[in-house]
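In terms of the working numbering, the sequence shown has 200 at position 103, counting the first letter as 1, and numbering is strictly consecutive. For reference, the structure is listed below as structure tokens.
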Amino acid sequence: MPMIIQRFLIAVASFLIVGLLAATGRFSLPPESAALKTRPGVELANSQCLLCHSADYISTQPRLSTAQWRSVVVKMQTKYGAPVATNQIDNLADYFARNYGVRAATNTAPAAK
Ligand code: HEC
């Protein structure tokens with residue numbers, strides 16, 4: 098049998114096997130459990146800050162002061178093009194400082210259930 102047909106059959110077979118494993122639940126992606134803390138301001142943070150990176154990525158940063166969080170938010174806006182409205186910068190800095198800052202009781206994301 099010509100090489101090209103052989104390759105095609107192998108590709109189809111692998112595709113079917115992966116599909117079968119997925120259907121039987123033996124092959125699945127890890128659950129998306131990391132989320133920002135559900136405290137006042139979380140909707141804003143979710144909509145502005147999770148476009149480019151995960152909640153984990155933000156929540157595992159060192160604890161920062163409000164001023165430092167503010168400069169992170171400004172950096173995201175000016176350097177990386179985050180669509181943050183200028184009048185929301187303080188609200189975002191406040192959310193992160195309260196929940197992931199030096200003022201926060203814990204810097205970890207809520208445990209996955
Ligand atoms: C347009 C995409 C984009 C959006 C939206 C965005 N970021 Fe980022 N963020 C980045 C990039 C790119 C980096 C740098 C990644 C790297 O250095 O590997 C980064 C890095 C970070 C870091 C790591 C520390 C640092 O200063 O580099 C933090 C913390 C962070 N972002 C927080 C936020 C927060 C809070 C928001 C919401 C206000 C946000 N990001 C929105 C693109 C974005």
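Glycine included, each C-beta is placed from N, C-alpha and C at the ideal position. Only a predicted model underlies this, so the values are computations on that prediction, with no experimental measurement involved.
| Item | Value |
| --- | --- |
| Environment of the ligand HEC in chain order, Cβ to heavy atom below 6 Å | Gln-145, Cys-146, Leu-148, Cys-149, His-150, Ile-155, Gln-158, Val-169, Val-170, Lys-172, Met-173, Tyr-177, Gly-178, Ala-179, Val-181, Leu-189, Phe-193 |
| Close beta carbons around Ser-162, own chain, < 7 Å, minus the five adjacent residues each side | Ala-194, Gly-198, Val-199 |
| Neighbour-count burial assignment, Gln-103, 16 or more Cβ in a 10 Å radius | exposed |
| Backbone CA spacing between Ala-132 and Ala-152 [nearest angstrom] | 5 Å |
| Per DSSP, the bridge partner or partners of Gly-198 | Leu-161 |
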